[in-house]
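Q: Here it is: the structure, laid out below.
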Amino acid sequence: MGKLFSLMGRLFRFYYDGFKNMSVWGKRVWLIIIIKLFIILAILKVFFFQDFLKRKYDNDKQRSDYVIEQLINSPDNHD
Amino acid sequence: MIDNIDLGLVDWSRAQFALTAIYHWLFVPLTLGLSFILAITETIYFKTGNEDWKRLTRFWMTLFGINFAIGVATGIILEFEFGTNWSNYSWFVGDIFGAPLAIEGILAFFLESTFVAVMFFGWNKVSKKFHLTSTWLVAIGANLSALWILVANAWMQNPVGMAFNPETARNEMVSFWAVLFNQVATDKFLHTISSGFLLASMFVVSISSWYLIRKREELMAKRSILVGAVFGLLSSLMVAYTGDESARTLAKVQPVKFASMEALFKGKSNAGLVAVGFLKDNGKKMGDRNIKDIAFSIKIPGLMSILTGGNTDSYVPGIEDHVFGNDSLGIMSVAEKKARGHYAKDILTSYQVAHRKNDTPQADSLKNVLLTSEYQDTYFRYFGYSSIDKPEDVVPDVSISFYSFHLMVILGFYFIMIFALAIHLLFKGTISKNKWFLWLALLSMPLPYLASELGWILAEMGRQPWIIQDLMTVSKGVSKITSGSVITTFILFAVLFTGLLISEVSIMVKQIKTGPKH
Numbered sequence: 008m009g010k011l012f013s014l015m016g017r018l019f020r021f022y023y024d025g026f027k028n029m030s031v032w033g034k035r036v037w038l039i040i041i042i043k044l045f046i047i048l049a050i051l052k053v054f055f056f057q058d059f060l061k062r063k064y065d066n067d068k069q070r071s072d073y074v075i076e077q078l079i080n081s082p083d084n085h086d
Numbered sequence: 075m076i077d078n079i080d081l082g083l084v085d086w087s088r089a090q091f092a093l094t095a096i097y098h099w100l101f102v103p104l105t106l107g108l109s110f111i112l113a114i115t116e117t118i119y120f121k122t123g124n125e126d127w128k129r130l131t132r133f134w135m136t137l138f139g140i141n142f143a144i145g146v147a148t149g150i151i152l153e154f155e156f157g158t159n160w161s162n163y164s165w166f167v168g169d170i171f172g173a174p175l176a177i178e179g180i181l182a183f184f185l186e187s188t189f190v191a192v193m194f195f196g197w198n199k200v201s202k203k204f205h206l207t208s209t210w211l212v213a214i215g216a217n218l219s220a221l222w223i224l225v226a227n228a229w230m231q232n233p234v235g236m237a238f239n240p241e242t243a244r245n246e247m248v249s250f251w252a253v254l255f256n257q258v259a260t261d262k263f264l265h266t267i268s269s270g271f272l273l274a275s276m277f278v279v280s281i282s283s284w285y286l287i288r289k290r291e292e293l294m295a296k297r298s299i300l301v302g303a304v305f306g307l308l309s310s311l312m313v314a315y316t317g318d319e320s321a322r323t324l325a326k327v328q329p330v331k332f333a334s335m336e337a338l339f340k341g342k343s344n345a346g347l348v349a350v351g352f353l354k355d356n357g358k359k360m361g362d363r364n365i366k367d368i369a370f371s372i373k374i375p376g377l378m379s380i381l382t383g384g385n386t387d388s389y390v391p392g393i394e395d396h397v398f399g400n401d402s403l404g405i406m407s408v409a410e411k412k413a414r415g416h417y418a419k420d421i422l423t424s425y426q427v428a429h430r431k432n433d434t435p436q437a438d439s440l441k442n443v444l445l446t447s448e449y450q451d452t453y454f455r456y457f458g459y460s461s462i463d464k465p466e467d468v469v470p471d472v473s474i475s476f477y478s479f480h481l482m483v484i485l486g487f488y489f490i491m492i493f494a495l496a497i498h499l500l501f502k503g504t505i506s507k508n509k510w511f512l513w514l515a516l517l518s519m520p521l522p523y524l525a526s527e528l529g530w531i532l533a534e535m536g537r538q539p540w541i542i543q544d545l546m547t548v549s550k551g552v553s554k555i556t557s558g559s560v561i562t563t564f565i566l567f568a569v570l571f572t573g574l575l576i577s578e579v580s581i582m583v584k585q586i587k588t589g590p591k592h
């Protein structure tokens, strides 16, 4: 148990020191990563990219029926 | 509810996916290739103990880090688009894509993120050996991540190892190994990673040339050019070899794409391979399509026949053979494939009707038919043709296929020449004096990006109208959402990705101007 805690502590220290002593460019790209992930996950995913079938239908059976309907009955776009 | 899909929606959805994929692919190949260059230079440092090699490795690692950080997660957006814009397609292939993408996610997370941290934070904190191992694992992990994405893409080009489940409307994997060792996947993986190696090599040679032009960091620049040019030359040769293998596979599994790449409307024996050429309309039509002729070309006589059939007498089928069929060669016409696709669709429709009417005996009987290998292999494999209107609709845009293919190949040979020349000048000891070469190398930096994107344009535009070869057309795969919402997100992506690209270039330029730390 003691060894595990020691390893965890060393790991924490490794990352802590790494981030603390990061160069200017490193800090800048981390800022970009955080902004980018916020835009992708908190804005684009939530407001613009909801799963179409999950939003429209409650279960997989309904989703399957809908897709089969699309495959066999929906109009062709080549028409 | 929108009752009819409009063509604007399909076009905008395609444009959005293309935009996202093209931008995503600006970041990926540099990561794939530069990670291996770092592993090589760090190995030299490990073996020699020479601190100059460590300094050199750390400099390129900085540029790798910038590219990795800006590019990371840009691929997630493609997965969002699957669920929102391409829900029919996404549902239809879900079980096939699930395994490769899950493996990719786990590998990307554990191998890349863990060992990337050791690469950047671990200098002087972990042993040299462990640090070097981490660098190699980042390179291997990044390239293995690409493998799984490319396996998924290859399945769309050549669907194998699956069976269609009529109850769930999904293709289910029946052989993981067939999906993994799909010939298209093998070719695509080797061709794509070697093109990434090539791109990164040119990146290293170009930036190093800039240092030599500015008479700065000459030792580091020359050593970098040596590693970049040797790795680049080997990669370029591998790109040429794997490209040739890919073309041979295409001739078998996507023959219309193959014929379009060479603008071969009429099949022929002793067919030459076009090295350079231009197209023109010849005034004739195939249905409502204008037929293109090669207006001017430099051809290598008989080579296309040799490559596809082993000798100059070998007949290379043209687009017409694939559209209208050729009994003597056993090539099925689009009309026959349409008949089979419609039969597959009719059985599926009857099954659905029986199911809805709770006619269990009839539904069970039809389900047994749907699950037979005869139905799956003889009829369902042409299911997508039930959505094809006119036979010529299976032909992609010949001009796009022809020019993207030939420009990519011309650039490929140009890269071989540049890398060979760099090695020659280095060993002659005159590279610093040959300013023309240094400028040429510097200005060549965007060309591998162009070649790489052209390769993807050929792969994706060349397989139109299919989203999954022979099984599903692009217009069947799209979600019934409004084109307005797709246009909105298209603009958002254009702004976001352009912002990311500007950030990457500006941070990189600043680091390059600063140079390696002393």
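So the protein sequences, as listed, match chains X and F. Here this note's numbering is used: the first residue of the first sequence is 8, the next is one more, and so on. Here this note's numbering is used: the first residue of the second sequence is 75, the next is one more, and so on. Ideal Cβ positions, reconstructed from N, Cα and C, are used throughout, including at glycine. The structure displayed is predicted, hence computed values, not measured ones.
Applying a beta-carbon distance threshold of less than 8 Å, which residues of chain F neighbour I75/X?
A: Per Cβ cutoff of 8 Å: P240, A243, L422, Q426.
Q: What is the DSSP secondary structure of K431/F, reduced to helix, strand or coil?
A: Residue state, collapsed to three classes: coil.
Q: In chain X, which residues lie less than 7 Å from W165/F when you measure between Cβ atoms?
A: Per Cβ cutoff of 7 Å: L60, R70, V74.
Q: Does the pairing of the segment 150-165 of chain F with the segment 192-208 of chain F give three or more beta-carbon distances under 8 Å?
A: No: fewer than three Cβ pairs fall under 8 Å.
Q: I need the DSSP call for E534/F, collapsed to helix, strand or coil.
A: If DSSP states are grouped into helix, strand and coil, E534/F belongs with the helices.
Q: Can you check whether the C-beta of F55/X is within less than 9 Å of a C-beta belonging to chain F?
A: Yes, F55/X lies at the interface with chain F (some Cβ there is under 9 Å from its Cβ).
Q: Run through chain X and tell me which residues come within less than 7 Å of A237/F, C-beta to C-beta.
A: Near A237/F there are no residues of chain X at all, since even the closest Cβ is about 15 Å away, more than 7 Å.
Q: Pop quiz: T535/F and P470/F are said to be a contact at Cβ under 8 Å. What is the actual Cβ separation, rounded to whole angstroms?
A: The question names Thr, yet the displayed sequence has Met at residue 535/F. So it is a contact: roughly 6 Å between Cβ atoms.
Q: Can you give me the C-alpha to C-alpha distance between R455/F and I214/F, rounded to a whole angstrom?
A: Using only the alpha carbons, I get a separation of about 35 Å.
Q: Pull up the CB-CB distance for L175/F and W222/F, whole angstroms please, since I reckon it's below 8 Å.
A: Yes, they are in contact, since the Cβ atoms of L175/F and W222/F sit about 7 Å apart, within 8 Å.
Q: What are the boundary residues of the alpha helix (DSSP H) that V472/F is part of?
A: First-last of the alpha helix (DSSP H) with V472/F: 472-502.
Q: In whole angstroms, what is the alpha-carbon distance linking K342/F and P375/F?
A: Answer to the nearest angstrom: the Cα atoms are 12 Å apart.
Q: Look up D367/F in the DSSP assignment and say whether it is helix, strand or coil.
A: Here D367/F sits in strand by DSSP.
Q: One question on the structure: do F189/F and S219/F come within less than 9 Å of each other, judged by their Cβ atoms?
A: No, the pair does not count as a contact, with Cβ atoms beyond the cut-off.
Q: Listing by chain order, which chain X residues have their CB less than 8 Å from the CB of W199/F?
A: With the sequence shown as reference, residue 199/F is identified as Lys, and Trp is not the correct amino acid for it. Here the neighbours are F21, D24.
Q: Give me, in chain order, the residues of the same chain whose beta-carbon lies closer than 6 Å to that of K199/F; leave out the 5 immediate sequence neighbours on both sides.
A: Taken in chain order, the list of residues that qualify is empty.
Q: Alpha carbons only, please: which of D355/F, W127/F, V279/F is nearest the one belonging to I114/F?
A: Here the closest residue by C-alpha is W127/F.
Q: Tell me which residues share the same chain as D467/F and place their Cβ nearer than 7 Å to its Cβ, disregarding the 5 neighbours each side in the sequence.
A: These residues qualify, in order along the chain: P539.
Q: Residues in its own chain within less than 8 Å of W251/F by CB, not counting five upstream and five downstream?
A: Same-chain partners within the cutoff: G235.
Q: Is any beta-carbon of chain X found at less than 9 Å from that of M546/F?
A: With 9 Å as the cut-off, M546/F counts as an interface residue toward chain X.
Q: For V579/F, would you say it is in contact with chain X, using Cβ-to-Cβ distances shorter than 9 Å as the test?
A: No, V579/F does not count as interfacial toward chain X.
Q: DSSP three-state call for S244/F: helix, strand or coil?
A: One detail in the question is off: residue 244/F reads as Arg in this sequence, not Ser. R244/F: strand per DSSP, three-state reduction.
Q: Nearest to L575/F by CA position, among I531/F, S87/F, D362/F, V102/F, is which residue?
A: Considering only alpha carbons, the answer is V102/F.
Q: State the DSSP-derived secondary structure class of N227/F, mapped to helix, strand or coil.
A: DSSP places N227/F in helix when its eight states are reduced to three.
Q: Taking the alpha carbon of L293/F as the point to measure from, which residue in N124/F, N364/F, T382/F has its own alpha carbon closest?
A: Of the listed residues, the one whose Cα sits closest to L293/F is N124/F.
Q: Measuring alpha carbon to alpha carbon, tell me which of L422/F, S447/F, Q450/F ends up nearest L440/F.
A: Comparing Cα positions, the closest option is L422/F.
Q: Checking 9 Å against the spacing of the C-beta atoms, do Y459/F and R414/F come in under that value?
A: Cβ atoms of Y459/F and R414/F: closer than 9 Å.
Q: Would you mind giving the Cβ-Cβ distance between M335/F and G306/F, rounded to the nearest angstrom? I have them listed as a contact below 8 Å.
A: At roughly 25 Å, the Cβ-Cβ gap does not stay under 8 Å, so M335/F and G306/F are not in contact.
Q: With F339/F and F352/F assumed to form a contact (beta carbons below 8 Å), what rounded beta-carbon distance in angstroms separates them?
A: About 15 Å; that fails the 8 Å criterion.
Q: Do the segment 300-315 of chain F and the segment 267-282 of chain F touch if we need at least three Cβ pairs shorter than 8 Å?
A: Segments in contact, yes.
Q: With 9 Å as the threshold, decide whether the Cβ of D67/X is near any Cβ in chain F.
A: Yes, because at least one Cβ of chain F sits closer than 9 Å to the Cβ of D67/X.
Q: Distance, Cα to Cα, R129/F vs P590/F?
A: Using only the alpha carbons, I get a separation of about 7 Å.
Q: From the DSSP secondary-structure annotation, give me the bridge partner or partners of I505/F.
A: Bridge partners of I505/F: none, in fact.
Q: Would I140/F pass as an interface residue toward chain X - the criterion being a Cβ-Cβ separation below 9 Å?
A: Chain X contact via Cβ: present.
Q: With respect to the alpha helix (DSSP H) encompassing F571/F, which residues constitute its N-terminal and C-terminal limits?
A: Start and end: 557-588.
Q: What residue from F54/X, S71/X, V36/X has the CA that sits closest to V146/F's CA?
A: Comparing Cα positions, the closest option is V36/X.
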